[in-house]
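S.K.: Before I ask anything, here is the structure I am working with.
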Amino acid sequence: MAVASEAACRRAASCFFEVGRQEIGSSTPRASSRRISGSEGLVMRMHQYGKLRGHDGCVNTVSFNPAGNLLVSGSDDMDIILWDWLAKTQRLIYPSGHQENVFHARVMPFTDDSAIVTVAADGQVRVGQLNEGGEVTTKQIGVHDDRAHKLAIEPGSPYIFYSCGEDGLVQHFDLRNDSPMKLFSCYSFSNSRRRVRLNTIAIDPWNPNYLSIGGSDEYVRVYDLRRIQLGASNDMNQPVDTFCPKHLMGGKVHITGIAYSYAREILVSYNDEHIYLFQNNMGLGPNPESAQAEFLDRLEQPQAYTGHRNFRTVKGVSFFGPNDEYVLSGSDCGNVFVWRKKGGELLRMMHGDKSVVNCIEPHPHFPFLATSGIDKTVKIWTPSANKVMSLPKNAKQIIASNKRAREIDASRPELTLSSDLIMHVLRLQRRQSELYREHEPATADLASDDDESFFAGFDDANRNGLANDATRGTQILMIRAGKIKRLGLKSVTTYLDSVVNQECYWVFSSHVLSLVLVKNNHFAGKEMRM
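Structure, rendered in structure tokens:
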């Protein structure tokens, strides 16, 4: 039965490709396929076509090539895989050359799928050149001073693309040149010395002179690249426009994903908040903090898309449909959310990961999707269900759970990780190692992972007055190879920090201060909660 279902899915996918081939050269290219793709009936029949297995870590990026017949993925395992997704087979796998998790990979257009550009947690920007005979050569072509999350390719260009990183820098790359151009660094409007850590970058598809970025504050910034590249402004770091919902201005939110529609709308996903759709006339101007109250009161507010949760990782956001009729996002609850763009009605919740769905990649021409997340697999979705699907029976409970978790997290006071606190924890690490061994015998695999082990303890003097019978004595946690081992501590859960994307762990308990713990004893987080 499963074989028959898979065959039907493949026939459906092949049928869409055939529609596209038949219409090449017509006066309205792929006109009928676009009409088909925009049908809500197809959205309501989206079904998991299959899983692509090959990575040995979280899959942080999935992207179709321009033709749509191939898919490229990158992972915590630092490998790049080029897939024949329809056949569910690997076309090619190669080591990216990165030293840490790969965050984004894209096939450059008009290169016969021979050039793949990547960025990663090591800050490097690299290109993989696929040579005849199946050999791949990779080289570093640029670098950021911190993690680099996203790339944006100039539409239709086989050479030009942009990168952004947590160092706040935006860089311009031309594969014909030996070195990148550092365009500008992004700084806070409220503190000109504080850089904004950038998570996402997008180019206006209708006018590639405009580029949008988002990161560790609440504002989307839009830049005119002509002003920057020509040096036409004395302040090249100044955007031409900014966007933010009025109620989030001055808040402690940040942006994880941006997407442009073909109508030049800007779709923005906020960490542990909602997704918002901005029209061109909703801009706040070059400096939003100078906007007058009367102006803000008159400003039309963006459409919101709600129900999901975007807290644990850096999630993207996307449009879907030939005319961008739908909005897509992953969620911490492991579901793919699909909303109708107009009005924001939630249409689908599709289970896409055992933990978190991070990446949503629509096919460039047809109603297919690729998704990925904490699981080691890539999921492919096609409109192949035998019947129209509705929201799951427990949809209200899932949405309520997401909302409740967001409210609980928002109610926690925030503290800053000072250097004194970090040094205190490092001292505790040394002091508690012997105590740990008394509770847990040393093993061979523990010794082999010493470089990724971390011990943390909180004694009576560091409980901030929360002492009771349940918390008397020293509480110890160990993180090794991304897993927690618990000693004398109840109800411990972990959350992946959204800024550092799967390297940083928030540890919570009802009695002990939570602490940011990162493998290899490297503190990347900047806040803690209690």
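In full-length UniProt numbering, the protein residues as written are 1 to 530. Built from N, CA and C at the ideal position, the CB exists for glycine as well.
Does the Cβ of alanine 121 have 16 or more other Cβ atoms within 10 Å, making it buried, or fewer, making it exposed?
M.R.: Its Cβ being crowded by 16 or more others within 10 Å, alanine 121 is buried.
S.K.: Drop a sphere of 10 angstroms on the beta-carbon of arginine 472, count the other beta-carbons inside from all chains shown, and report buried for 16 or more, exposed for fewer.
M.R.: Unreliable positioning characterises arginine 472 in this predicted model, as indicated by a pLDDT of 35, which lies under 50. A coordinate reading is not provided.
S.K.: Hey, could you find the ends of the alpha helix (DSSP H) valine 43 is sitting in?
M.R.: Counting along the chain, the alpha helix (DSSP H) containing valine 43 begins and ends at 40-43.
S.K.: Candidates Glu166, Lys182, Asp178: which alpha carbon is nearest histidine 172's?
M.R.: Out of Glu166, Lys182, Asp178, Lys182 has the C-alpha closest to the C-alpha of histidine 172.
S.K.: Identify which residue in Gly283, Thr61, Ala263 has its Cα closest to the Cα of valine 378.
M.R.: Closest by alpha carbon: Thr61.
S.K.: To test your reading of the DSSP string, which unbroken beta strand (DSSP E) runs of 3 or more residues are found completely within the region 120-144?
M.R.: Listed in chain order, the complete beta strand (DSSP E) runs (minimum 3 residues) inside the region 120-144 are 124-130, 136-143.
S.K.: Tell me whether phenylalanine 189 sits in a helix, a strand or coil according to DSSP, three-state version.
M.R.: In this structure, phenylalanine 189 counts as coil in the three-state DSSP scheme.
S.K.: List the whole-angstrom C-beta distance separating tyrosine 219 from valine 240, where the pair is believed to meet the contact cut-off of C-beta under 8 Å.
M.R.: Wrong, their Cβ atoms sit about 13 Å apart, outside the cutoff.
S.K.: DSSP three-state call for isoleucine 228: helix, strand or coil?
M.R.: DSSP places isoleucine 228 in helix when its eight states are reduced to three.
S.K.: Rounded to the nearest angstrom, how far is the Cβ of isoleucine 255 from that of glycine 321, given a contact under 8 Å?
M.R.: With a Cβ gap of about 23 Å, isoleucine 255 and glycine 321 do not count as contacting.
S.K.: Please identify the residue among Met108, Leu198, Leu169, Tyr162 whose C-alpha is closest to the C-alpha of glycine 156.
M.R.: Of the listed residues, the one whose Cα sits closest to glycine 156 is Met108.
S.K.: In terms of DSSP beta bridges, what is alanine 67 paired with?
M.R.: None; alanine 67 has no bridge partner.
S.K.: Please classify tyrosine 262 as buried or exposed, where buried requires at least 16 other C-beta atoms within 10 Å of its C-beta.
M.R.: Flag for tyrosine 262 reads exposed.
S.K.: Within its chain, find whatever has a CB closer than 8 Å to the CB of lysine 51; leave out the 5 residues flanking it on each side and keep chain order.
M.R.: Cβ within range, chain order: Lys88, Thr377, Val378, Lys379, Ile380.
S.K.: Count the other CB atoms, across all protein chains shown, that sit within 10 Å of the CB of glutamate 273; report buried if there are 16 or more and exposed otherwise.
M.R.: Classification of glutamate 273: buried, given that the 10 Å Cβ count is 16 or more.
S.K.: Can you pull the DSSP bridge partners for lysine 51?
M.R.: In DSSP, lysine 51 forms a bridge with Lys379.
S.K.: Identify every residue that forms a DSSP beta bridge with threonine 200.
M.R.: Partner(s): Gly214.
S.K.: Buried or exposed: where does aspartate 217 fall if 16 or more other Cβ atoms within 10 Å of its Cβ makes it buried?
M.R.: Buried, because 16 or more other Cβ atoms sit within 10 Å of the Cβ of aspartate 217.
S.K.: Does the count of Cβ pairs from the region 291-299 and the region 343-363 closer than 8 Å reach three?
M.R.: Not touching, per the Cβ criterion.
S.K.: Taking C-beta to C-beta, are valine 336 and valine 314 nearer than 8 Å?
M.R.: No; because the gap between Cβ atoms is not below 8 Å, this pair is not in contact.
S.K.: Where does residue 543 land, buried or exposed, given buried means 16+ other C-beta within 10 angstroms?
M.R.: Past the boundaries of the shown model lies residue 543; the chain is included only from 1 to 530, so the question cannot be answered.
S.K.: Assign alanine 152 to one of two classes, buried (16 or more other C-beta atoms within 10 Å of its C-beta) or exposed (fewer than that).
M.R.: Flag for alanine 152 reads buried.
S.K.: Rounded to whole angstroms, what is the Cα-Cα separation between isoleucine 398 and valine 117?
M.R.: Those two C-alpha atoms are separated by around 37 Å.
S.K.: Can you give me the C-alpha to C-alpha distance between arginine 194 and tyrosine 210, rounded to a whole angstrom?
M.R.: Distance between the alpha carbons of arginine 194 and tyrosine 210: 24 Å.
S.K.: State yes or no: is the C-beta of serine 73 within less than 8 Å of the C-beta of serine 372?
M.R.: Cβ atoms of serine 73 and serine 372: closer than 8 Å.
S.K.: Would you identify the three-state DSSP class for alanine 291, choosing helix, strand or coil?
M.R.: Residue state, collapsed to three classes: coil.
S.K.: Whose CA, out of Phe161, Phe278, Ser190, Pro367, lies closest to the CA of alanine 105?
M.R.: The option with the nearest alpha carbon to alanine 105 is Phe161.
S.K.: Once the 5 residues before and after isoleucine 360 are set aside, which same chain residues still bring their CB inside 7 Å of it?
M.R.: Within the same chain, isoleucine 360 has close Cβ partners Gly316, Ser318, Leu328, Ser329, Gly330, Val336, Leu369, Thr371.
S.K.: State the Cα-Cα distance for the pair residue 531 and valine 59, rounded to the nearest angstrom.
M.R.: The first residue shown for the chain is 1 and the last is 530, placing residue 531 beyond what the model contains.
S.K.: Just list the residues that DSSP pairs glutamate 361 with in beta bridges.
M.R.: Partner(s): Ala370.
S.K.: What's the C-alpha gap between leucine 299 and serine 411?
M.R.: Going from the Cα of leucine 299 to the Cα of serine 411 covers about 29 Å.
S.K.: Excluding the five sequence neighbours on either side, which residues of its own chain have a C-beta within less than 7 Å of the C-beta of serine 419, listed in chain order?
M.R.: Because serine 419 carries a pLDDT of 49, less than 50, the predicted location of this residue cannot be relied on, and the following value inherits that uncertainty. Around serine 419: no qualifying Cβ.
S.K.: Which residues mark the beginning and the end of the alpha helix (DSSP H) in which serine 401 is found?
M.R.: Unbroken alpha helix (DSSP H) run through serine 401: 395-411.
S.K.: Between the C-alpha atoms of proline 158 and arginine 227, what's the straight-line distance to the nearest angstrom?
M.R.: If you take the alpha carbons of proline 158 and arginine 227, they lie about 23 Å apart.
S.K.: Exposed or buried, what is proline 288 when buried is set at 16 or more other beta-carbons lying within 10 Å of its beta-carbon?
M.R.: Flag for proline 288 reads buried.
S.K.: Report yes if the C-beta distance between valine 127 and threonine 138 is below 8 Å; otherwise report no.
M.R.: Yes; because the gap between Cβ atoms is below 8 Å, this pair is in contact.
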